[in-house]
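Report on the structure given below.
Protein chains in written order, with the numbering used here: chain C, 2 to 460; chain B, 27 to 149.
Take a look at the structure:
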């Protein structure tokens with residue numbers, strides 16, 4: 002190992018890791034060349050491939066590497082949070098109607114595609130280079146949305162020419178769709194605030210209706226990652242980089258292999274920003290259909306963050322300002338108040354950090370802190386983190402009816418398949434409150450509000 | 027096999043081709059469960075990869091690409107690729123999306139007269 006591993010967790014969260022390979026995966030990341038500071042894992046760490054999920058690692062721009070396994074297949078998988086001008090009490094009587102409208106308006110499930118948004122060649126190229134801006138210019142959302150998206154929803158290093166034909170084929174009809182697995186659209190409300198002033202600034206007054214959207218770059222992103230791996234495996238051999246796991250294949254940041262991946266990865270990330278922008282547009286349409294046009298027009302984007310990404314950023318290391326390539330895989334950027342990359346409305350409160358939990362309990366909104374910038378390269382956790390395998394969750398769910406159980410708790414579920422709901426049952430996840438409490442106590446994020454779910458659309 | 031976020035399977039077969047079939051069976055089960063898939067139509071898959079592990083990963087990745095772009099469900103390995111049929115919602119029960127066939131822990135070994143490896147599917 003070239004450096005230490007650093008896992009943020011309490012004793013119970015550490016016990017959840019016994020018997021899986023996530024801690025070994027932290028150690029594997031610590032072997033990579035040019036790593037700066039520790040290989041970090043957030044309290045929602047769980048077993049992934051290559052990097053653990055919940056992993057953060059920073060690399061020196063001259064001596065370090067970029068690894069597709071440190072970003073993942075679902076490039077720029079992320080979440081966005083909308084807040085509607087409605088109170089939960091007014092919504093309850095028409096809640097099922099709203100969830101049905103969302104299920105009908107935003108395609109979900111295996112191979113979900115949109116017949117109404119088929120991208121021609123020119124538009125797909127613009128999606129890849131302009132991200133959310135392309136979507137807003139086509140009328141999907143409002144110009145003000147862009148300021149509430151990480152990097153304004155547009156990564157300038159994108160190179161559409163670096164994206165393969167195969168990837169473009171997979172991406173041409175999937176924009177504006179959820180997918181399956183742990184992706185979702187969730188209706189909720191603000192149940193509690195921990196910092197009333199910041200919550201109010203974000204529009205998160207108690208009782209307000211919220212819509213959480215979780216999705217990424219769909220088949221296009223998966224293909225971009227896959228396309229890069231052959232070249233990265235060859236590059237690792239060419240540059241004599243020993244690999245503890247093939248999925249950690251990588252190339253020096255200055256190499257042609259890294260540059261090709263970088264252009265394609267940023268283009269896929271832009272596709273994901275556009276995807277969530279379209280999904281938000283259709284969520285607004287669903288709200289408008291049920292509650293009238295005013296509800297759609299006044300539904301505001303709180304924030305949109307990436308979970309799976311690598312970015313060039315400036316951080317202070319040992320008292321020296323350094324340019325680093327920060328990989329976040331299942332982790333969220335959490336920049337502090339005053340950071341120059343934040344839009345003016347967040348400059349004094351810090352970047353909103355959105356932490357979805359499971360579909361039965363709660364989710365959280367935090368803000369970034371100086372502690373995160375100091376300790377974790379400006380990063381925080383991204384969710385609850387799984388504690389049960391999908392197989393185990395299905396076994397537990399088989400004799401039960403999870404949608405009915407959730408309905409009895411006031412949560413309406415609409416899903417394309419039973420398999421996904423069973424695998425995603427609440428017990429499959431750690432208690433996100435515990436995860437968030439570790440983050441808050443460690444000072445790498447600060448709690449602002451808790452949201453509770455009342456409706457879920459799953460793939 | 028246990029894996030927290032994704033799906034890990036252990037493949038065992040008497041031949042390399044048998045290992046491909048075992049991988050294809052695992053992929054099909056993830057996509058449509060135990061729904062019956064008829065080997066009615068053939069699709070060619072060009073072999074590529076520097077070693078048995080890479081060849082297996084590429085084979086399964088190409089089968090997944092055919093599913094993702096053509097809704098082509100694999101039934102069996104053939105001399106030139108795979109045989110299967112197009113997804114029919116009346117006949118096949120879709121289960122979940124499979125994002126990718128990962129290289130995490132994949133290592134085709136020959137031992138005790140057979141081939142074996144672990145494959146982790148990103149779901």
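Quick reminder that beta carbons are idealized off the backbone N, C-alpha and C, glycines included. Remember, predicted model here, so these are calculated numbers, not experimental data.
Through-space distance from residue j to residue i, alpha-carbon basis
i                      : j                      : result
residue 252 of chain C : residue 193 of chain C : 46 Å
residue 207 of chain C : residue 90 of chain C  : 11 Å
residue 88 of chain C  : residue 214 of chain C : 19 Å
residue 424 of chain C : residue 395 of chain C : 5 Å
residue 249 of chain C : residue 66 of chain C  : 10 Å
residue 98 of chain B  : residue 200 of chain C : 48 Å
residue 446 of chain C : residue 333 of chain C : 10 Å
residue 122 of chain B : residue 149 of chain B : 7 Å
residue 83 of chain C  : residue 115 of chain C : 22 Å
residue 545 of chain C : residue 362 of chain C : The displayed coordinates of chain C run from 2 to 460. Any statement about residue 545 of chain C would go beyond what the structure contains.
residue 173 of chain C : residue 256 of chain C : 30 Å
residue 125 of chain C : residue 165 of chain C : 12 Å
residue 126 of chain B : residue 390 of chain C : 18 Å
residue 353 of chain C : residue 338 of chain C : 10 Å
residue 244 of chain C : residue 144 of chain C : 45 Å
residue 452 of chain C : residue 443 of chain C : 22 Å
residue 378 of chain C : residue 108 of chain B : 47 Å
residue 142 of chain C : residue 345 of chain C : 20 Å
residue 259 of chain C : residue 403 of chain C : 44 Å
residue 350 of chain C : residue 38 of chain B  : 55 Å
residue 109 of chain C : residue 3 of chain C   : 43 Å
residue 31 of chain B  : residue 48 of chain C  : 6 Å
residue 191 of chain C : residue 169 of chain C : 39 Å
residue 272 of chain C : residue 113 of chain B : 27 Å
Residues near residue i in its chain [Cβ-Cβ closer than 7 Å; skip 5 each side]
i                      : result
residue 75 of chain C  : 217, 218, 222, 223, 309
residue 239 of chain C : none
residue 132 of chain B : 79, 83, 143, 144, 145
residue 102 of chain C : 287, 290, 291
Buried or exposed by the 16-neighbour rule on C-beta atoms within 10 Å, applied to residue i
i                      : result
residue 318 of chain C : exposed
residue 27 of chain B  : exposed
residue 500 of chain C : Residue 500 of chain C lies beyond the residue range present for chain C, which begins at 2 and ends at 460; the question has no answer from this structure.
residue 93 of chain C  : exposed
residue 322 of chain C : exposed
residue 298 of chain C : exposed
residue 96 of chain B  : exposed
residue 123 of chain C : exposed
residue 381 of chain C : buried
Contact with chain C by residue i, beta-carbon distance below 8 Å
i                      : result
residue 125 of chain B : yes
residue 89 of chain B  : no
residue 38 of chain B  : no
residue 120 of chain B : yes
residue 114 of chain B : no
residue 135 of chain B : no
residue 142 of chain B : no
residue 51 of chain B  : no
CB contact below 8 Å: residue i versus chain B
i                      : result
residue 180 of chain C : yes
residue 399 of chain C : no
residue 396 of chain C : no
residue 355 of chain C : no
residue 307 of chain C : no
residue 111 of chain C : yes
residue 333 of chain C : no
residue 223 of chain C : yes
residue 167 of chain C : yes
residue 420 of chain C : yes
residue 326 of chain C : no
residue 251 of chain C : no
residue 348 of chain C : no
residue 54 of chain C  : yes
residue 1 of chain C   : Residue 1 of chain C lies beyond the residue range present for chain C, which begins at 2 and ends at 460; the question has no answer from this structure.
Own chain partners of residue i with C-beta closer than 6 Å, once the 5 adjacent residues on each side are dropped
i                      : result
residue 448 of chain C : 195, 367, 441
residue 62 of chain B  : none
residue 229 of chain C : 69, 262
residue 327 of chain C : 59, 312, 314, 378
residue 22 of chain C  : 48
Spatial neighbours of residue i in its chain, beta-carbon cut-off 8 Å, leaving aside the 5 residues before and after
i                      : result
residue 113 of chain C : 175, 178, 179, 180, 181, 417, 460
residue 171 of chain B : The shown model of chain B, from 27 to 149, leaves out residue 171 of chain B, and the question about it has no answer.
Pick out the complete alpha helix (DSSP H) segments inside the region 403-448 of chain C, 4 residues or longer, and give them in chain order.
-> Listed in chain order, the alpha helix (DSSP H) runs fully inside the region 403-448 of chain C are 403-409, 419-424, 433-443, counting runs of at least 4 residues.
4 or more residues per run - each alpha helix (DSSP H) lying fully within the region 264-327 of chain C = Fully enclosed alpha helix (DSSP H) runs of 4 or longer: 294-298.
Identify every run of the alpha helix (DSSP H) within the region 157-203 of chain C, keeping only runs that are complete inside it and at least 4 residues long; order them along the chain.
-> Within the region 157-203 of chain C, the runs of alpha helix (DSSP H) that reach at least 4 residues and sit entirely inside it are, in chain order, 166-172, 197-202.
Which parts of the region 6-73 of chain C are runs of the beta strand (DSSP E), unbroken and 3 residues or longer, counting only runs that do not cross its ends?
-> DSSP runs (the beta strand (DSSP E)) wholly in the region 6-73 of chain C: 6-8, 36-50, 52-61.
Within the region 78-139 of chain B, ranges of the beta strand (DSSP E) (whole runs, at least 3 residues) = Correct list: 98-103, 107-112, 135-137.
Could you give the uninterrupted runs of the alpha helix (DSSP H) lying entirely in the region 218-273 of chain C, keeping only those of 4 residues or more?
-> Listed in chain order, they are 219-239.
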